[in-house]
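> I am attaching a structure below and will ask some questions about it afterwards.
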Amino acid sequence: MELLITPFPPLPYEDGLPLDGCWSAVRLVTAHARLGRVALTAAFDLLPDGVAGAAAPGQGVAAVEFWNDTTGLTLGSDDEEGLCFRAARGAGLPSRWAGCFDDVHAWPPRVKWGVEYLAGGRGLRWALPPPERGEEGLVNVVACRRDATPGDELDASTWLGAMAGHVLDHVAAAARGDRPGQPAPSAVGVSATSYAHRP
1 MELLITPFPP LPYEDGLPLD GCWSAVRLVT AHARLGRVAL TAAFDLLPDG
51 VAGAAAPGQG VAAVEFWNDT TGLTLGSDDE EGLCFRAARG AGLPSRWAGC
101 FDDVHAWPPR VKWGVEYLAG GRGLRWALPP PERGEEGLVN VVACRRDATP
151 GDELDASTWL GAMAGHVLDH VAAAARGDRP GQPAPSAVGV SATSYAHRP
C-alpha cells in the first residue's frame, strides 16, 4: 500500500465561507495476491477536549464533521454507493466492484464491506471488497477546515470542500508529477490493515 498526503486549492462554492486549509490523503491498495478483508481508517484516536464530532453522510458521501469554538473540520470520502459508481466509471477502482452495488441495497442486506462510523464521532473506517490478485484501488480521504465565526453554524463550506471525487484528479496529477504537490501534515491519522491474507 502507498499513501500520498497533499494540500489542494479549495474549490469555490457560491455563498460558501472561505476555507483555511484542504488536504487529501490517497491510499493506493495493490493486491499482489488475493486478499481477504482490507480496512482503511481515518480517525482521531481520541477527540481533543472541547471538540465534538458527528456523522454527516450524503448521497454517495461518507463524512464526519468536527467543531469547537474556533474551528470547523470535515473529513469526507466515498460511501458504498460512491465506491460502486466510481468502479463503474473506471475511476481508480476495479470495475468488478461495480457489481457489489446490489449488495449495498439488498434486503435483507448482503453487504460484508462498507463504511463504518466510529463511536463518538471520531472518524470513519472503510472495509473494501476483497481485492483479487493484480487489482488496484484508490481511496481518497479529504479534510477541509476553516476558522469558525459567530453565526456560521449552518455553513456547509467544509462539507462541500471535502467531497473526495472532486479532488481526486488533482491529487492523482500531483502524484504523477504533473503539478507540484507538497506533502502536508495530516489533520487525521490514516492507517490500513489487511486481514486474512492468503497467497
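Residue numbers (full-length UniProt numbering): 1 to 199. Where a beta carbon is used, it is the ideal one built from N, C-alpha and C, also for glycine.
#1: Looking at the secondary structure, which residues open and close the alpha helix (DSSP H) in which THR158 lies?
#2: Can you round the beta-carbon distance between PHE44 and ARG122 to whole angstroms, since I take them to be within the 8 Å contact cut?
#3: Taking buried to mean at least 16 other C-beta atoms within 10 Å of its own C-beta, is PRO18 buried or exposed?
#4: By the three-class DSSP mapping on this structure, what secondary structure does ASP102 have?
#5: Is the distance from the Cβ of ARG30 to the Cβ of TRP126 below 9 Å?
#6: Where DSSP assigns a beta bridge to PRO7, which residues make up the other side?
#7: Does DSSP put ALA88 in a helix, a strand or coil?
#8: For the stretch 82 to 99 and the stretch 148 to 162, state whether three or more C-beta atom pairs, one from each stretch, are separated by less than 8 Å.
#9: With C-beta atoms as the reference, is VAL142 less than 9 Å away from LEU75?
#10: Using DSSP bridges, identify the partner residues of THR30.
#11: Where does ALA52 sit, in a helix, a strand or coil, going by DSSP?
#12: Please classify GLY120: is it buried, with 16 or more other beta-carbons within 10 angstroms of its beta-carbon, or exposed?
#13: Would you list the one or two residues that DSSP bridges to GLY76?
#14: Strictly by DSSP, which residues pair up with TRP126?
#15: Between TYR117 and ALA39, is the Cβ-Cβ spacing less than 9 Å?
#16: Can you have a look at ASP78 and say buried or exposed, based on whether 16 or more other CB atoms are within 10 angstroms of its CB?
#17: Would you report the Cα separation of PHE85 and ALA98, rounded to the nearest angstrom?
#18: Relative to the C-alpha of LEU73, which candidate in MET1, CYS22, GLY36 and CYS100 has its C-alpha closest?
#19: Identify the residues that DSSP records as bridge partners of GLU2: which are they?
Short version:
#1: 157 to 161
#2: 5 Å
#3: exposed
#4: helix
#5: The question names Arg, but residue 30 in the sequence shown is Thr. If you check the CB distance, THR30 and TRP126 do not come in under 9 Å.
#6: Per DSSP, TRP23.
#7: Helix at ALA88.
#8: no
#9: yes
#10: Note: THR30 is bridge-paired with GLU136 in the DSSP secondary-structure output.
#11: In the displayed model, ALA52 falls within a strand according to three-state DSSP.
#12: exposed
#13: ALA63 and VAL142
#14: LEU40 and VAL115
#15: no
#16: buried
#17: 6 Å
#18: CYS22
#19: LEU28
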